[in-house]
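Visitor: First the structure, then my questions, so here it is.
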Amino acid sequence: MKVEVLIIGRGGQGVLLLGRILGLSISKYAGKYAVATETYAAETRGGESRTDIVIGDSMYDVDYVKVQSPDIAVFMYPFNLDKYLKMLRPTTMVFIDEEYVDPGLFTGFKLFHHRYSEIAESRLGTRRVANVVIAGHMARATSIWSLEHLKKTVVDLTPEKWHQLNIKALELGYSL
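With the working numbering, letter number 173 in the sequence shown gets 223, and the count goes up by one each step, no holes.
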């Protein structure tokens with residue numbers, strides 16, 4: 051099994067943390083191999099952020115660190131969509147935050163779309179966990195991530211004061 055995951059957004063949305071959560075969860079708790087690369091603009095907030103994750107059953111499945119043909123794509127902000135749309139296949143599972151990204155651009159793909167940022171703010175009190183809401187939704191929609199593994203991983207990667215909120219965000223996303 052080889053799975054390529056592409057995550058696109060802007061600085062401040064938690065694109066890099068989302069990639070770390072997904073990658074560590076699958077490698078530490080599911081016994082798979084994962085490699086990830088992070089790319090981001092020089093601006094602290096607002097510039098394009100990208101995470102590429104390649105997951106496999108063996109180290110030979112993860113022999114290249116950049117996504118070439120994503121099986122799963124997450125778009126939290128519409129940076130360079132024309133470039134990224136060319137990478138997608140009809141079988142690509144696409145998750146978009148429709149508050150920022152138009153779902154109409156993704157006809158022909160297996161589309162999962164919600165206003166993740168708005169849902170996080172209205173139900174959890176902050177948009178800062180929209181990325182984690184998406185992770186929970188990805189666990190529900192795919193057979194790749196376990197909700198329990200993701201919960202362990204957010205505890206591993208986030209400060210203690212954020213643990214309960216991130217776990218609630220995962221559960222909220224899983225319920226979508």
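Using N, Cα and C, we set each Cβ at its ideal position, and we do this for glycine too.
Taking the beta carbon of residue 51 as the centre, do at least 16 other beta carbons fall within 10 Å, making it buried, or is it exposed?
Guide: Its Cβ having fewer than 16 others within 10 Å, residue 51 is exposed.
Visitor: If you compare alpha carbons, which of 74, 69, 192, 64 is closest to residue 199?
Guide: Among 74, 69, 192, 64, the Cα nearest to that of residue 199 belongs to 74.
Visitor: Note the first and the last residue of the continuous alpha helix (DSSP H) segment covering residue 134.
Guide: Residue 134 -> alpha helix (DSSP H) spans 131 to 135.
Visitor: Near residue 170, what residues of its chain come up, given a Cβ to Cβ distance below 7 Å and the 5 sequence neighbours on each side ignored?
Guide: If we look at residue 170 and ignore the five residues flanking it on each side, its Cβ neighbours are 176, 177, 179, 180, 183, 219.
Visitor: Report the option in 222, 213, 224, 195 whose CA atom is closest to the CA atom of residue 81.
Guide: Nearest of 222, 213, 224, 195 to residue 81, Cα basis: 195.
Visitor: Mind checking who residue 170 pairs with in its DSSP beta bridge?
Guide: Bridge partners of residue 170: none, in fact.
Visitor: Between the stretch 156 to 167 and the stretch 83 to 91, do three or more beta carbon pairs fall short of 8 Å?
Guide: The stretch 156 to 167, when compared against the stretch 83 to 91, does not touch it at the 8 Å Cβ threshold.
Visitor: Buried or exposed, going by whether 16 or more other CB atoms sit within 10 Å of the CB of residue 133?
Guide: Looking at its Cβ environment, which holds fewer than 16 other Cβ atoms inside 10 Å, residue 133 is exposed.
Visitor: Mapping DSSP to helix, strand and coil, what is residue 77?
Guide: Here residue 77 sits in helix by DSSP.
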